[in-house]
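The sequence shown finishes on residue 385 if you use full-length UniProt numbering, and the numbering steps up by one all the way, no holes. Even for Gly, the Cβ is constructed at its ideal location relative to N, Cα and C. Heads up: the structure comes next, in structure tokens.
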Amino acid sequence: SIAFIGYSLIVLLEYFNLIPYKSLFKITSYLYQDTQYIVTTILLIGVVFALIFITGKNFAQILKEKNEELSQNRKKLEEFSNKLEEKVRFRTLELQKSKDQLSVLYKISRTISSTLKLDDILQTILDFSIKISGAGRGSIMLLDKKKRIFFIKIPYDKSEKNIDKINFAENENTIGWVVKNKKFLYIEDLENNKHFSKIKIIRRRIKQLLIIPVIVEDKVIGVINLENTSLSSDTIDLLRSFSEGAAVAINNARLYQKIKDSYFEIAKALAQAIEAKDPYTHGHSARVVEYTVLIAQKLDLPEEEKELLKYASMLHDIGKIGVRGIILNNSKGLTGEEYDEIRKHPLVGEGIIQPIELLQPIRPLIRHHHEWYNGKGYPDGLSGE
Numbered sequence: 001s002i003a004f005i006g007y008s009l010i011v012l013l014e015y016f017n018l019i020p021y022k023s024l025f026k027i028t029s030y031l032y033q034d035t036q037y038i039v040t041t042i043l044l045i046g047v048v049f050a051l052i053f054i055t056g057k058n059f060a061q062i063l064k065e066k067n068e069e070l071s072q073n074r075k076k077l078e079e080f081s082n083k084l085e086e087k088v089r090f091r092t093l094e095l096q097k098s099k100d101q102l103s104v105l106y107k108i109s110r111t112i113s114s115t116l117k118l119d120d121i122l123q124t125i126l127d128f129s130i131k132i133s134g135a136g137r138g139s140i141m142l143l144d145k146k147k148r149i150f151f152i153k154i155p156y157d158k159s160e161k162n163i164d165k166i167n168f169a170e171n172e173n174t175i176g177w178v179v180k181n182k183k184f185l186y187i188e189d190l191e192n193n194k195h196f197s198k199i200k201i202i203r204r205r206i207k208q209l210l211i212i213p214v215i216v217e218d219k220v221i222g223v224i225n226l227e228n229t230s231l232s233s234d235t236i237d238l239l240r241s242f243s244e245g246a247a248v249a250i251n252n253a254r255l256y257q258k259i260k261d262s263y264f265e266i267a268k269a270l271a272q273a274i275e276a277k278d279p280y281t282h283g284h285s286a287r288v289v290e291y292t293v294l295i296a297q298k299l300d301l302p303e304e305e306k307e308l309l310k311y312a313s314m315l316h317d318i319g320k321i322g323v324r325g326i327i328l329n330n331s332k333g334l335t336g337e338e339y340d341e342i343r344k345h346p347l348v349g350e351g352i353i354q355p356i357e358l359l360q361p362i363r364p365l366i367r368h369h370h371e372w373y374n375g376k377g378y379p380d381g382l383s384g385e
């Protein structure tokens, strides 16, 4: 019907913002419901066409412009969506990278804090440094405070010839620069760097070299050398964090070694004190240590066991401190009572070292060093193996 046509035109005009919607919609709806107002509807259609004529536009042009506008809006929306997606992806990668870096640092810290053996710590540090940087090879140099030189402590390849001949004075060339500035040093063209002519002792081609200072209490105690590696800011940040943790681990291991060395010096002093009290056994403890170490090496025992055996050998007779000198120096023979007193020295020795945490593993060795295979030893009469 004419009313329906008029209604449809009104809806289209409203869609294209050419006529108010609410007022005309009420009129047209009413006309659509009541066909008696045909004349009014015809007039309304005339008004519609008059409006179109006034605007100087036709529906095709309007439709085209609206389509172009929609297309532009869609394009802008797609661009915004792509940018947003890229930002989200980049941020996700950053977070993943940070997570991976934290994971690596956590694994490293767990590994190097699980031991106080300097060589094991240094080897772990070198292995992780090579892994992080993607280097082909590497080494760790430590400072010899007495000689004031840096020497290679942990090489990448221990079978490398002449590796022990490479050392640098504390203030020499590039090492001196690292010591002075306490910063990373990256040498991109090592082959043509005159300062590193010594490195040619190693017969292999090294293109790039990264030197990382290991700093403790604001002093460079060593350097990590990484060969044939390229750098990124993320890698540098990770290596910097890693080197700080490595420095702490190295320092702890050195302090622990100093403590152990001090214990051994005390053990030697105690052994000498015992021998001063009992000249008959002068040099006995030192000879026991010597033979014990030789046997341990022949049996290829672990380093930790060798060290404990050395302590036990040095201190095995420490309990004689509790035995009267007149008995120790008796060359005529002992009475039964005196012999019983002598037989107590393993128990006395065990009691002396009991409070010392470091020496706990050797307590059984001191207590039982007079046991025999046939069970006739003392103090517990143990037998067999």
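Since residue i is in the alpha helix (DSSP H), which residue starts that stretch and which ends it?
| i | result |
| --- | --- |
| D237 | S233 to K277 |
| L126 | L118 to S133 |
| P364 | R363 to R367 |
| Q360 | Q360 -> no alpha helix (DSSP H), and no H or E assigned at all. |
| R287 | H284 to K298 |
The beta strand (DSSP E) that contains residue i, what's its start and end?
| i | result |
| --- | --- |
| Y186 | L185 to I187 |
| D144 | R137 to D144 |
| I149 | I149 to P155 |
Kindly indicate which three-state DSSP category residue i falls into: helix, strand or coil?
| i | result |
| --- | --- |
| S230 | coil |
| F16 | Per-residue confidence for F16 stands at a pLDDT of 48, beneath the threshold of 50, marking its modelled position as unreliable; the derived number appears in the next sentence. Correct three-state label for F16: coil. |
| G319 | helix |
| N73 | helix |
| K207 | coil |
| S383 | strand |
| P355 | coil |
| K219 | strand |
| P346 | helix |
| D225 | According to the sequence as given, residue 225 is Asn; it is not Asp. N225 falls in the strand class under three-state DSSP. |
| N329 | coil |
| F4 | Caution is warranted here: a pLDDT of 49 is assigned to F4, below 50, making its placement in the model unreliable, and no coordinate value can be reported. |
Looking only at its own chain, which residues have a Cβ that is under 7 Å from the Cβ of residue i, when we skip the five neighbours before and after it?
| i | result |
| --- | --- |
| W177 | L185 |
| G381 | G375 |
| H369 | H316 and P346 |
| Q354 | R363 |
Assuming residue i and residue j are in contact, meaning their beta carbons sit under 8 Å apart, how far apart are those beta carbons, in whole angstroms?
| i | j | result |
| --- | --- | --- |
| L359 | G319 | Going by Cβ atoms, the distance from L359 to G319 rounds to 13 Å, so no, they are not a contact pair. |
| M141 | N225 | 7 Å |
| I149 | A169 | 6 Å |
| V223 | I175 | 7 Å |
| L143 | Q257 | Contact doesn't hold; Cβ gap of about 15 Å is too wide. |
| A296 | E304 | Wrong, their Cβ atoms sit about 11 Å apart, outside the cutoff. |
| E337 | N330 | 12 Å between Cβ atoms; not a contact. |
| F264 | F128 | About 31 Å; that fails the 8 Å criterion. |
Is the beta carbon of residue j closer than 8 Å to that of residue i?
| i | j | result |
| --- | --- | --- |
| I132 | G138 | no |
| V214 | A246 | yes |
| I121 | A249 | yes |
| L210 | L238 | no |
| K310 | T292 | yes |
| A286 | L365 | no |
| E350 | V323 | no |
| K277 | L334 | no |
| E385 | G377 | no |
| A135 | T229 | yes |
Residues in the same chain with beta-carbon distance under 6 Å from residue i, minus the five sequence neighbours each way, listed in chain order, please.
| i | result |
| --- | --- |
| H282 | E275 |
| P379 | P346 and L347 |
| L126 | G138, I140 and I154 |
| V288 | S313 |
| E244 | none |
| K344 | none |
| L270 | I318 |
| E79 | none |
| L116 | A253 and Y256 |
| I352 | I318 |
| N82 | none |
| E217 | none |
| R367 | P346 and E350 |
What residues in its chain sit with their C-beta under 8 Å from that of residue i, if we drop five residues either side in the sequence?
| i | result |
| --- | --- |
| K260 | E307 and L358 |
| Y373 | S383, G384 and E385 |
| H284 | E275 and D317 |
| Q123 | I154 |
| G325 | K277 and D278 |
Would you say residue i touches the ligand NAD, meaning its beta carbon is less than 7 Å from a heavy atom?
| i | result |
| --- | --- |
| P155 | Among the components of this structure there are no ligands whatsoever, and the ligand NAD is therefore not found. |
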